[in-house]
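As structure tokens, the structure follows; a few thoughts come after it.
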Amino acid sequence: MSNKEKGGAEAYARFKQFDYKANSSLVLTSDTRTREYATEPSGEPETLWGRMKAKMGDRAQTTRPDSDRKERAAKKKRDAAAAELELAVPSRGKGRKGGAGAGLSVLDLEQGGMYRPRTKETREAYEALLAIIHTLFGEQPQDVLRGAADEVLAVLKNKDLRDPERQKECVGLLGSCDDDMFARLVALGKRITDYVTEAEVGEGGGGLEEGLPRATRWTRSWA
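Its first residue numbered 47, the sequence shown is counted upward by one per residue in our numbering.
Laid out in structure tokens, this is it:
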């Protein structure tokens, strides 16, 4: 065989190895050794069983309207104020005999000239005022605390006085009244809307009606 014929036979053999019939029955297998170290996903479906640590819905949060949150916050604040008041001014039978807590009830203020709240809102404000005075004076008789509260109310309700003058009067009555305490007293005074002074009753042209609160003079005779 000449070199020409030999070269032609080799070229034909190389051509035939790419023929479709020669390759149609071949099965190619992948190298599993390289698959073990592959970092890219294979595209085959894989189970998530045992891989998901979070539970469905564990991040779901329930929310309430702003009105509910504000109502709960206001109720919590009222309960805290009531608890503080109960500690500061004990209820009937819990205080010491003759002390500030013996029979101290704003609904029993029937003595002449003593202010008596007429509504729930004014009663709460008056009790808060008594609590402040009780904190300053300590254990004192009922009439002392109520008299001091009436005198403070008379100062707060005096339209002829300015705030600096009112604060000065409160210092003279209570012995101590910084800006923060005076602001609290003013706020409580504004909430007490059923307090009537003698001047206001006189302007009405009539005498004091039975049970109407009025301003009284009170002195710190206990000091």
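Glycine residues also receive a C-beta, built at the ideal position from the N, C-alpha and C atoms.
- DSSP, reduced to helix, strand and coil, places Arg169 within a helical segment of the structure shown.
- Looking at the backbone, the Cα of Ala194 and that of Lys122 are separated by about 29 Å.
- When the five nearest sequence neighbours on each side are left out, the beta carbons in the same chain lying within less than 7 Å of the beta carbon of Val217 are those of Cys223, in order along the chain.
- DSSP places Gln107 in the coil class of the three-state scheme, outside both helix and strand.
- With a 10 Å radius around the Cβ and a threshold of 16 neighbouring Cβ atoms, Leu219 comes out buried.
- Annotation note: the region 186 to 236 contains the following uninterrupted alpha helix (DSSP H) runs of length 4 or greater, listed N- to C-terminal: 188 to 202, 209 to 220.
- In this structure Leu231 is not in contact with Val190, their Cβ atoms being roughly 18 Å apart against a cut-off of 8 Å.
- The Cβ-Cβ distance between Ile238 and Ala171 falls below 8 Å.
- With contacts defined as CB atoms closer than 8 Å, Asp240 and Arg192 fail to qualify as a contacting pair.
- DSSP, read as helix, strand or coil, puts Thr181 in helix.
- Look at Tyr58 here: in three-state DSSP terms it is helix.
- The Cβ atoms of Asp196 and Tyr161 sit closer than 8 Å to each other.
- Around the Cβ of Leu202, a 10 Å sphere holds 16 or more other Cβ atoms; the residue is buried.
- Of the residues assessed, Thr168 falls on the buried side of the cut-off, its CB having 16 or more other CB atoms within 10 angstroms.
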